[in-house]
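According to this note's numbering, the sequence shown is numbered sequentially starting from 3. The C-beta atom is built at its ideal place from N, Cα and C for all residues, glycine as well. For clarity, every value in this text was computed on a predicted model and none was experimentally measured. Here's the structure, in structure tokens; my notes come after.
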Amino acid sequence: MKLNQEVETIHRILFVCTGNTCRSPMAEYLLKDMIKESQEVDIDNWEIISAGISAIKGVQANEKTSKVMSELGIDLAKHSSKNIKDIDLKKEDIIITMSRKHSRFLLLEYPDLADKIFTLKEFAEEEERDVEDPFGLSLEVYRETRDELEKELKKILLKLKDFSSD
């Protein structure tokens, strides 16, 4: 490496839900897929992961989550749940939660990270509402959750372009 060669900054996004088997893995893999398809954002400059506040480490994505994601050609077979306690949150640039409850929990536990913690809809500049948990509900509800996440992530992708150029 040349001494004057510019080193690319890796930006980190963490998606957070409860068990890290439904919403946050959907958001993680959807955004990764969107970035790969984007001409505007370089996937090599981003590390995107997910975790759960009450996650049991090493659990695969929920069966219905995997099914609705596979409908978009996205494979979750490699997903393995992580607990928020196993993540060094200080390294994350943006922490995006699925609900205000998740954000409140993180703010109470990690008040020094308040400027990095947002709900998904808050970060997408929507009315501050939650992405409801589809766990235990019908396949159609999982599809609706996936589509809701995709809609909001498209808005967030535009913000990442600006974030990358800072």
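Grouping DSSP H, G and I as helix and E and B as strand, with all else coil, what is F107?
helix
Flag this pair as yes or no: are the beta carbons of L74 and L151 separated by less than 8 Å?
no
Hey, out of R148, I158, D164 and T11, whose CA is closest to S72's CA?
R148
Would you kindly work out how many angstroms separate the C-alpha atoms of I158 and D35, rounded to a whole number?
13 Å
Where does E49 sit, in a helix, a strand or coil, going by DSSP?
strand
Would you call the stretch 37 to 48 and the stretch 115 to 135 touching, i.e. three or more CB-CB distances under 8 Å?
no
What does N85 pair with, by DSSP beta-bridge criteria?
G54
Could you give the distance in angstroms between the alpha-carbon of E130 and the alpha-carbon of I50?
23 Å
Contact check, V18 vs H104, beta carbons under 8 Å
yes
For a quick check, are the C-beta atoms of S83 and G54 less than 8 Å apart?
yes
Three-state secondary structure (DSSP) at T121?
strand
Provide the residue(s) that pair with I96 in DSSP beta bridges, ordered along the chain.
I15
By how many angstroms is the C-alpha of I98 removed from the C-alpha of V143?
21 Å
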